[in-house]
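Okay, so here's the structure we're looking at.
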Amino acid sequence: MKKLNKKKKGTRKKSIRVIIIPTLIAMITLPIVIVLVMNYYSTQQLLTQRIEQGEKNLATQFTTQLDWIGLELENTINSLAEKSEFQEVAEDEEAQAFIQEELQFVLTNSMYIGNAYYAPENQEVLGTVENLASDFDASATTWYQRAVERNGALIWSKPYRDAVTGSMAMTISRAIVVDDVFYGVLAIDLDLTRMNSYLTSVQNGNTGHFFVLSESGDYLMSNDPKKIGTNIGESNLFKEATEQTGYIHDDQKIDSYYAKVSRLGMTVYGVVGEDEMANEVAATNRAALIGLVIGIIIAILSALLASRYVMTIATTLIRAFSRVKDGDLTKKITGDELHILPNKPQFKAIRKPKEILENSNEIRRIAFAFNEMMDHFREMVGGIQQKSNHLMDMTQTLNDISKQTTSATEEVSETITGIAQATSIQTKDTEETVGKMEELSKTVGEIDQNIQKMGQHTDDTTIANGKNNQMMAVVHDNWETTVDTMAKLGKSIHGVNADIQDIEKIVKVIDGISEQTNLLALNASIEAARAGESGRGFAVVANEIRKLAEKSDASTKNIATIIKNIQEKSNEMVSKVEQSHAESEVQTKTIDEAINSANKVTDQMDKLVESILNVASLGFVISAKKDETLVAIENIAASAEENSAGTQEVSANAEEILATMEEFSSSIAKLETIANELKEETNQFKLQ
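Under the working numbering, think of the first position of the sequence shown as 17, with each following residue one higher.
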């Protein structure tokens, strides 16, 4: 045979290091790159959200302030309009002085008011306006005319450039009208230029700014004075601002936010420049690059250390397996062989090999398992050597056993032939029983189907009867409601009769009053006749009173006739309602009897259903017992067939055993030869 220490010729050795190093570098570097890329986009998104939220917050704050200023001016002008001095200015100099002081007070108490003035009808304008032209006609202005048209309602003018100051402004005006009398128009100018100074002082981020457009797209406020008054109504920035608030998506990375001031007809926009995030993005890129370089360095060092460790482990295992291949089972793997640092003098101070233990790290546990395997393998080879000697002794014993087995096999073959005949008769009887049980199974199945159909019909009848009971209950409830309604109707008609009698009493009182009035008018006419010419006017009045008394008497008689007719119809209705109520009582009894009958039918149906369920359960029991019996008989038939087949197989096996025993004898001789060869092979291993 070939010896274990025979070496094979091989090709050039390949190293796993060329796979480990790139793989580890990629495994460490790739997550770093992914994290840096995700961090870049996350940072950019967070910066975008922060700037857009800043746009929204500041624009909302400025929008709220604009709306509040507009509301304050509306409240101010409404408060001034309620003062009576604005109605007395035509002839009262004190009222004019009071108005002048009030308008000056309004101007000084708000930094956003340009001027406040009052234009009385057909008089000079009062207010805080300086250097007003002598030929100025307030009634020719738009704010004056629109205020007159609105007849006391507040009106805001469209933004305009003031001819005197050159500033952008808006005017709120109101006509003073009391009891449809027009006294004049009160107006206040909102100085948009002063508000623009506040708007331009607010900044969002590095390049963010805000501006305000009118309803037509004109710049009203901007950090660029050249833009104020220009129109951008055709731009997408203006056209896309269709909601009350929202963001406008354009070519820039950060959306522009807008918010409308409905009260003033303005829209506040918040925008940022294209290079808003340039500094933050540059800082993020620098940090990402530094992190990537550090990660690559760490990846390379880790890959080199890991590859060296893997190579050390691989070399140690290769040497160990080579010793086993050469038949040396005495050497084990030591901790010094698995150390990552080379065995050189310069590393002696820090190179401290650890003992190979079962609870060490995974690599040392592999070495521990290898050492244990070598111990067991050495013991196994020693055992094989001992057992190979014992095997030689047992071959002779097997020769004797083979002869005895041949004799016993011949006796078994004769016994099995008798068993096969009895098994054949049992199989025929079992097949007949199975046929009869199948007929019984069909009969039981038909009974079960009929019971199921009967149960289904009974369920349908029960459901229909239940619906009938529900409908009868609904009819009963509706009828009870109708009876109660008729009773209430009877009571209401009785109440109407009582009210009619009260009306009749009132009519009698009115009739008495008309008679007394007629008598008084007659007496007054007599007295007026006695008075002569001086009592003529009194006589005319007395005559008119008498006519009214006669008309009242005729009206009361008509009312009495109508009331009498109503009483007759009411009494007739009461009798009919009472008759209907009596008939309803009879109908109620009939419905109750029908419900009781339906309930009795339901009870009988429940009993029938219970009986059917009992029959069905008995059918299930019969079917289950039938199935169990059929299964048992089929098992018996199968067992009989298996026994018959088994006896035939055993008979054939007995013949085969006889032939096999002859081969067995020759095999024992071969076994003896193999035992000798095994002893020679095991003697090649070094166990001590």
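The beta carbon of each residue, even a glycine, is placed where N, CA and C say it ideally should be.
Asked: Per DSSP, the bridge partner or partners of Ala123; Found: The question names Ala, but residue 123 in the sequence shown is Leu. Note: Leu123 sits in no beta bridge, so no partner.
Asked: Distance, Thr477 Cα to Ile607 Cα; Found: 22 angstroms
Asked: Residue range of the alpha helix (DSSP H) that includes Phe198; Found: First-last for Phe198: Val197 to Asp207, but that is the beta strand (DSSP E), not the alpha helix (DSSP H).
Asked: Candidates Asp619, Ala598, Ala514 and Ala545, of which the one nearest Ile582 by Cα; Found: Ala514
Asked: When Thr76, Glu626, Asn669 and Tyr56 are compared against Asn301, the one with the closest alpha-carbon; Found: Tyr56
Asked: Thr181 in three-state terms, based on DSSP; Found: coil
Asked: Straight-line gap, Met465 to Ser627 (C-alpha atoms, nearest Å); Found: First, the amino acid is wrong: residue 465 is Gln here, not Met. C-alpha separation (whole angstroms): 16 angstroms.
Asked: Nearest-angstrom Cα separation, counted from Ala654 out to Val340; Found: 57 angstroms
Asked: Burial state of His225 (16 or more Cβ within 10 Å); Found: buried
Asked: Whole-Å CB distance - Leu694 paired with Thr411, under 8 angstroms assumed; Found: Not a contact, Cβ separation roughly 13 angstroms.
Asked: Between the CA atoms of Asp475 and Asn615 - distance to the nearest angstrom; Found: 16 angstroms
Asked: With 16 other Cβ atoms within 10 Å as the buried cut-off, status of Ser530; Found: buried
Asked: Bridge partner(s) assigned by DSSP for Val287; Found: His225
Asked: Range covered by the alpha helix (DSSP H) that runs through Leu253; Found: Asn252 to Lys255
Asked: Rounded C-alpha distance that separates Gly307 from Ala75; Found: 39 angstroms
Asked: Cβ neighbours of Lys567 in the same chain (closer than 6 angstroms, five flanking residues each side left out); Found: none
Asked: Where Arg381 sits in the DSSP three-state scheme; Found: helix
Asked: Enclosing alpha helix (DSSP H) for Val218 [first to last residue]; Found: Here Val218 belongs to no alpha helix (DSSP H), and DSSP marks it neither H nor E.
Asked: Simplified DSSP assignment, three categories, for Ile129; Found: strand
Asked: Ala203 vs Thr181 beta-carbon contact at 9 angstroms; Found: no
Asked: Residue closest to Asn167, alpha-carbon to alpha-carbon, out of Arg177, Ala135, Gly200 and Thr59; Found: Gly200
Asked: Three-way DSSP call (helix, strand, coil) for Lys174 in this model; Found: coil
Asked: Alpha carbon of Tyr128 to alpha carbon of Lys72, nearest angstrom; Found: 24 angstroms
Asked: From Ser95, Glu137 and Asn138, residue whose alpha carbon lies closest to that of Glu118; Found: Ser95
Asked: Assigned exposure category for Arg552 - 16 Cβ within 10 Å defines buried; Found: exposed
Asked: Stretch-stretch touch, CB-based, cutoff 8 angstroms, three pairs: the segment 188 to 198 with the segment 152 to 170; Found: yes
Asked: Pair within 9 angstroms by beta-carbon distance, Ala382 and Ile312; Found: Going by the sequence as given, residue 382 is Ile instead of Ala. Contact flag unset, no.
Asked: Sub-9 angstroms separation of Gly130 and Gly286 beta-carbons; Found: no
Asked: Neighbourhood of Asn692 by C-beta distance below 7 angstroms, restricted to the same chain and skipping five residues each side; Found: none
Asked: Asp145 to Asp178 span [Cα, whole Å]; Found: In the sequence as displayed, the identity of residue 145 is Val instead of Asp. Val145 and Asp178: Cα-Cα distance of roughly 12 angstroms.
Asked: Three CB pairs or more closer than 8 angstroms across the segment 151 to 159 and the segment 231 to 249; Found: no
Asked: Through-space distance from Glu231 to Gly262, alpha-carbon basis; Found: 16 angstroms
Asked: For Ile192: DSSP bridge partner residues; Found: Gly200
Asked: Thr689 to Asn405 span [Cα, whole Å]; Found: 12 angstroms
Asked: Ser217 versus Leu62, Met237 and Lys524, residue with shortest Cα-Cα distance; Found: Met237
Asked: Residue range of the unbroken beta strand (DSSP E) whose run includes Thr246; Found: Here Thr246 belongs to no beta strand (DSSP E), and DSSP marks it neither H nor E.
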